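Laid out in structure tokens, this is it:
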């Protein structure tokens, strides 16, 4: 999957995927294969859910997790979409292997 990459210096995170773009906080991150792979996993998740529902589920999952865990970091890391992306960001062939709807099979807590 080839995605246009935009550098936004004031981005609140190192990287972010907003279909069809990958947003990065700095130019040097364009060479970070793991962060690019992480964000590409999010782009595929967005496609799997026909884009808009992904954002709805992402926010709802975060809010539920915030109530469950109390703190931002645990709530964020336990979003089902983040779990899949973090679990597989080092596997640069993950998206080529298929694994559609992999976030449905994620269950462990970081």
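Numbering (our numbering), first residue to last: 32 to 141. Just so it is clear, CB atoms sit at the ideal spot from N, CA and C, and this is done for glycine as well. On a predicted model such as this, the values are computed, not experimentally measured, just so you know.
- Under the criterion of beta carbons closer than 8 Å, residue 110 and residue 130 do not qualify as touching, at roughly 18 Å.
- Inclusion of residue 54 and residue 37 in the CB contact set at 9 Å is warranted, their separation being smaller than that value.
- The alpha-carbon of residue 128 is positioned some 18 Å away from that of residue 34.
- Annotated three-state conformation of residue 49 is strand, per DSSP.
- For secondary structure counted as the alpha helix (DSSP H) over 4 or more consecutive residues, the region 43-110 holds these complete runs in sequence order: 64-79, 83-100 and 103-108.
- Contact annotation: residue 70 and residue 48 have beta-carbon atoms nearer than 9 Å.
- Residue 132 counts as exposed, since fewer than 16 other beta carbons sit within 10 angstroms of its beta carbon.
- A direct Cα-to-Cα measurement between residue 56 and residue 136 gives close to 30 Å.
- For residue 79, the CB contacts under 7 Å within the same chain, skipping 5 residues up- and downstream, are 131 and 132 in chain order.
- As the crow flies, the alpha-carbon of residue 98 is around 12 Å from that of residue 104.
- Proximity to residue 51 across 122, 89 and 72 peaks at 72, based on C-alpha coordinates.
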